[in-house]
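Count along the sequence shown from 1, then add 55; that gives the number in this note's numbering.
Ideal placement from N, C-alpha and C gives every residue a C-beta, glycine not left out.
Some notes on the structure that comes next.
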Amino acid sequence: MSSSDLKISSVTIKNFRTFYGEKKPLELSTDPKKPVTVIHGKNGKGKTSLINSIHWCIYGSEKSDDKQNSKLSEGLVHTFAIDSLEIGQDDEMFVRVELVDQNNQLESEITRKITFKKISNDDNDEWNEIIQANIPKSIVAESSVIYRWRDVDSDEMKTIDNDSEIYERIEKVFPKVLSSYVLFDAELLREFEKNNTEELIKEGIESITGLPLLKDAIKHISKENRKITSDNIAHKAEYRSMSDRIQQYELRIEKEQGAIKTNRSQIQKIQSQLKPIREFLIKHDDDAIKKQEEEIVRYENSQHRCRIGIRETKDRLKSIIFENLTNYLLTESHKITSQKFKVWESAGLMPTHFSKEALQSLLDDETCV
56 MSSSDLKISS VTIKNFRTFY GEKKPLELST DPKKPVTVIH GKNGKGKTSL
106 INSIHWCIYG SEKSDDKQNS KLSEGLVHTF AIDSLEIGQD DEMFVRVELV
156 DQNNQLESEI TRKITFKKIS NDDNDEWNEI IQANIPKSIV AESSVIYRWR
206 DVDSDEMKTI DNDSEIYERI EKVFPKVLSS YVLFDAELLR EFEKNNTEEL
256 IKEGIESITG LPLLKDAIKH ISKENRKITS DNIAHKAEYR SMSDRIQQYE
306 LRIEKEQGAI KTNRSQIQKI QSQLKPIREF LIKHDDDAIK KQEEEIVRYE
356 NSQHRCRIGI RETKDRLKSI IFENLTNYLL TESHKITSQK FKVWESAGLM
406 PTHFSKEALQ SLLDDETCV
């Protein structure tokens, strides 16, 4: 069976970009008399993502597009599939492409997937090379690919999970140098019509013929270091002022704890509101559910900031108390003692010097009381 006899018959998608959850297989026409399958949809409903999902499944990467591959992209995996994970939970994103022969018999099947799991509460974002997006550090991901093919001798489907063997088999059916022919982006024709320049035509010819003028773009991973600074508290503050500041911090703690409770109740309220309508929104309105998810994230971030504020306030309280407690407790005693010594000195009760015999009597257990 030659590669020219094979045709893509169906595409199954789960959690790929705008496609949340596992969708029903998209059946493509393999009838020679009806070789065209028309997919109609509004802008932003996943037509381009569908083409990219097929390209990603076959070649392990999306079609070269600066806009699609920007680090501002939401990534290969649907955002809600990642954000809805609890600690210890995992999920997967996959695209499966089935190929049939001229008799509509399944000949090959390519399944490429990304498995992701939440392992902690670390919500700080960082660039994830596998998912191609900035996601929380608590998410770990790994990719894999499986190739199934029909053995000519046994007429049974066999499985290969070795990357090099899979690459060789896919290269025979879908040579990467001809990927622009396999998945042709017709929207490029509009650019040729609007911008009929020599440079654009040159780039189009180079892309279609596979000329290696542009190689893989170098990806820079940038990490932002977040520094936490705190104000220094003056050690020479008056002790009465210290008490007032302690009281202010206690009031602030109570206020922030109240804000945490309020945010928690609001989050629970929103989650309860989302539960009965989540399925409907997923099927009908991606923008609405995205707005709800962003609102939840805002409340969670607010709660996180409140926790940090409480922790910092408690640390300041400890520092103030430990640094000034001794002076605060001994101040009054020191004042009283100083006053008494002054009275005794003025009354002549304090001798100017002590004789050796007097000092010795102080050390004598029998004479010293």
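For residue i and residue j, I'd like the C-alpha separation in whole angstroms.
{"i": "residue 230", "j": "residue 361", "result": "55 Å"}
{"i": "residue 159", "j": "residue 193", "result": "44 Å"}
{"i": "residue 66", "j": "residue 106", "result": "10 Å"}
{"i": "residue 310", "j": "residue 134", "result": "33 Å"}
{"i": "residue 176", "j": "residue 359", "result": "11 Å"}
{"i": "residue 235", "j": "residue 79", "result": "27 Å"}
{"i": "residue 87", "j": "residue 196", "result": "41 Å"}
{"i": "residue 399", "j": "residue 304", "result": "44 Å"}
{"i": "residue 317", "j": "residue 324", "result": "10 Å"}
{"i": "residue 342", "j": "residue 98", "result": "13 Å"}
{"i": "residue 101", "j": "residue 75", "result": "11 Å"}
{"i": "residue 12", "j": "residue 296", "result": "Residue 12 lies beyond the residue range present for the chain, which begins at 56 and ends at 424; the question has no answer from this structure."}
{"i": "residue 353", "j": "residue 131", "result": "23 Å"}
{"i": "residue 349", "j": "residue 331", "result": "18 Å"}
{"i": "residue 395", "j": "residue 381", "result": "22 Å"}
{"i": "residue 181", "j": "residue 378", "result": "39 Å"}
{"i": "residue 387", "j": "residue 298", "result": "16 Å"}
{"i": "residue 116", "j": "residue 369", "result": "49 Å"}
{"i": "residue 142", "j": "residue 223", "result": "38 Å"}
{"i": "residue 208", "j": "residue 218", "result": "24 Å"}
{"i": "residue 404", "j": "residue 393", "result": "14 Å"}
{"i": "residue 376", "j": "residue 397", "result": "31 Å"}
{"i": "residue 345", "j": "residue 94", "result": "25 Å"}
Hey, would you say residue i sits closer than 9 Å to residue j, going by beta carbons?
{"i": "residue 69", "j": "residue 200", "result": "no"}
{"i": "residue 108", "j": "residue 82", "result": "no"}
{"i": "residue 186", "j": "residue 137", "result": "yes"}
{"i": "residue 170", "j": "residue 153", "result": "no"}
{"i": "residue 33", "j": "residue 355", "result": "The displayed coordinates of the chain run from 56 to 424. Any statement about residue 33 would go beyond what the structure contains."}
{"i": "residue 168", "j": "residue 198", "result": "yes"}
{"i": "residue 364", "j": "residue 307", "result": "yes"}
{"i": "residue 104", "j": "residue 92", "result": "no"}
{"i": "residue 374", "j": "residue 314", "result": "no"}
In chain order, what residues of the same chain have a beta carbon less than 8 Å from the beta carbon of residue i, not counting five sequence neighbours either side?
{"i": "residue 415", "result": "none"}
{"i": "residue 212", "result": "161, 164, 203, 204, 205 and 206"}
{"i": "residue 129", "result": "72 and 188"}
{"i": "residue 225", "result": "113, 114, 165 and 202"}
{"i": "residue 412", "result": "none"}
{"i": "residue 144", "result": "172 and 173"}
{"i": "residue 326", "result": "351"}
{"i": "residue 23", "result": "What the structure shows of the chain is the stretch from 56 to 424, and residue 23 is not part of that stretch, so it cannot be assessed."}
{"i": "residue 402", "result": "none"}
{"i": "residue 118", "result": "106, 107, 110, 234, 238 and 240"}
With a threshold of 8 Å (Cβ to nearest heavy atom), would residue i be considered close to the ligand FAD?
{"i": "residue 117", "result": "Inclusion of the ligand FAD in the displayed structure is not the case, the ligand content being empty and no account of it being possible."}
Please work out which residues of its chain come closer than 7 Å, Cβ to Cβ, to residue i, disregarding the five sequence neighbours upstream and downstream, and give them in chain order.
{"i": "residue 60", "result": "156 and 157"}
{"i": "residue 221", "result": "200, 202 and 215"}
{"i": "residue 390", "result": "none"}
{"i": "residue 62", "result": "85, 154 and 155"}
Since I believe residue j is in contact with residue i (beta carbons under 8 Å), could you give me their beta-carbon distance rounded to a whole number of angstroms?
{"i": "residue 179", "j": "residue 190", "result": "About 10 Å; that fails the 8 Å criterion."}
{"i": "residue 372", "j": "residue 347", "result": "The Cβ separation is near 38 Å, so there is no contact."}
{"i": "residue 233", "j": "residue 110", "result": "About 12 Å; that fails the 8 Å criterion."}
Tell me which same chain residues have a C-beta within less than 6 Å of the C-beta of residue i, skipping the five on either side of it?
{"i": "residue 96", "result": "102"}
{"i": "residue 77", "result": "69"}
{"i": "residue 210", "result": "none"}
{"i": "residue 89", "result": "none"}
{"i": "residue 265", "result": "Residue placement at residue 265 is poorly supported in this model, since its pLDDT is 49, which falls under 50; the coordinates still yield a value, given next. So the qualifying residues of the chain are 232."}
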